[in-house]
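Structure first, then comments.
Chains as they are written, first to last, in this note's numbering: chain A, 110 to 270; chain B, 63 to 223.
As structure tokens, then:
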């Protein structure tokens with residue numbers, strides 16, 4: 110399946126465009142790093158507060174950084190797509206990349222659980238002990254997953270051969 | 063100087079990072095996590111001073127100082143270990159020199175913003191963000207992003223080109 114997908118990606122105009130320039134890949138890498146830092150910065154505030162730290166920042170205030178995290182994630186998603194279009198063979202077979210993608214999927218599901226099972230009910234004034242526990246669990250899980258995502262991303266070039 | 067740099071490379075830490083199977087990967091992964099924490103939180107503080115999200119007062123983000131210091135320590139320790147592994151190359155690498163200079167300038171600007179804006183805001187609620195604060199925040203953001211991230215990425219390219 111990956112072979113067909115890889116062949117198709119390499120036949121696209123986007124692949125040709127990206128690989129025809131020496132600037133696009135390093136520029137995308139730089140943007141990917143910028144997006145990563147913004148994403149981590151915003152998530153640190155939301156997740157540390159969710160875990161019960163930095164109590165001088167209210168949960169509602171911390172949650173205002175979620176749009177920053179979403180914008181940063183969008184930048185990383187777009188630049189990540191550029192990497193895959195540039196060299197799909199390199200990524201699809203790479204174990205660090207596969208683990209990273211799986212972790213991002215889990216992080217997304219975890220974020221949805223936090224948003225709909227913890228944050229929104231607590232905003233509506235329905236706070237229970239279970240939700241408090243769930244807030245700590247989902248926030249801690251988020252920090253752990255994103256730390257592993259960073260490590261996975263950084264290790265991609267080192268587990269190629 | 064070159065003898066000193068070579069002695070760093072031949073030290074137990076230098077050889078562990080450079081030659082062991084996991085030494086470089088673990089140290090590099092730690093450096094990436096530390097970088098994401100430091101640049102992420104600094105960037106979040108800077109964009110907050112610039113006015114986003116509007117509902118959050120920059121002084122509230124002072125609560126993140128211990129996390130920022132943890133990130134700095136992680137970056138410093140892993141950065142020194144990475145330097146020891148390739149001291150004789152990195153010391154003369156222009157991208158590395160720019161990166162270190164930018165980190166020092168970036169730290170001075172963060173301390174300046176804390177001393178002249180965030181701390182006074184905590185002590186006196188009527189202190190507001192001025193145009194000068196915004197300019198310094200924008201410069202801080204540019205330095206951490208464009209210089210540290212960019213030059214950090216370029217170190218590899220300049221060593222091996």
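A virtual CB, placed ideally from N, CA and C, is assigned to each residue, including glycine.
Exercise for the section: Pull up the distance between the alpha-carbon of residue 212 of chain A and that of residue 220 of chain A, whole angstroms please. Expected result: 12 angstroms
Problem - Member of A:233, A:160, A:203 and A:197 whose CA lies at the smallest distance from the CA of residue 250 of chain A - result: A:160
Handout entry: Neighbourhood of residue 261 of chain A by C-beta, 8 angstroms cutoff - its chain only, sequence neighbours within 5 removed
Key = 205, 206, 208, 209 and 212
Problem - Closer than 7 angstroms at the beta carbon, the chain B residues around residue 191 of chain A - result: Correct list: empty, because the minimum Cβ distance to chain B is about 15 angstroms.
Exercise for the section: With 7 angstroms as the limit, tell me which residues of the segment 117–137 of chain B have their beta carbon closer than that to any beta carbon of chain A; keep them in chain order. Expected result: 117, 118, 122, 125, 126 and 129
Exercise for the section: With 7 angstroms as the threshold, decide whether the Cβ of residue 102 of chain B is near any Cβ in chain A. Expected result: yes
Handout entry: For residue 125 of chain B and residue 166 of chain A, believed in contact at Cβ under 8 angstroms, the rounded distance
Key = 6 angstroms
Exercise for the section: Run down chain B in chain order and give the residues with a C-beta less than 8 angstroms from the C-beta of residue 260 of chain A. Expected result: 91, 94 and 95
Practice task
Measure from the C-beta of residue 87 of chain B to each C-beta in chain A and report whether the shortest distance is under 7 angstroms.
Solution key: yes
Handout entry: Spatial neighbours of residue 96 of chain B in its chain, beta-carbon cut-off 7 angstroms, leaving aside the 5 residues before and after
Key = 133, 136, 137 and 140
Handout entry: Collapsed DSSP secondary structure at residue 115 of chain B in the structure displayed
Key = coil
Handout entry: residue 125 of chain A (DSSP reduced to helix, strand or coil)
Key = helix
Practice task
Taking only the alpha-carbon atoms, compute the straight-line gap between residue 246 of chain A and residue 174 of chain A and give it to the nearest angstrom.
Solution key: 19 angstroms
Exercise for the section: Check each residue of the segment 137–149 of chain A: if its Cβ is closer than 8 angstroms to any Cβ of chain B, include it; give the result in chain order. Expected result: 138, 139, 142, 143, 145, 146, 147, 148 and 149
Practice task
Name the residue from A:199, A:169, A:203 and A:214 whose alpha carbon lies nearest to the alpha carbon of residue 182 of chain A.
Solution key: A:214
Handout entry: Same chain only: Cβ atoms within 8 angstroms of residue 267 of chain A, ignoring 5 sequence neighbours per side
Key = 205
Practice task
Would you grab the beta carbon distance between residue 203 of chain B and residue 109 of chain B for me? Rounded to a whole angstrom, and I think it's under 8 angstroms.
Solution key: 7 angstroms
Handout entry: Beta-carbon proximity check, residue 217 of chain B vs residue 145 of chain B, cutoff 7 angstroms
Key = no
Exercise for the section: Could you work out which residues of chain B lie near residue 166 of chain A, taking near to mean beta carbons separated by less than 9 angstroms? Expected result: 118, 122, 123, 125 and 126
Practice task
Verify whether the separation of the beta carbon atoms of residue 162 of chain B and residue 205 of chain B is less than 7 angstroms.
Solution key: no
Practice task
Using only alpha-carbon positions, find the residue among B:84, B:185, B:66 and B:147 that is nearest to residue 75 of chain B.
Solution key: B:147
Handout entry: Of the listed residues A:126, A:138, A:139 and A:146, nearest to residue 256 of chain A (C-alpha basis)
Key = A:146
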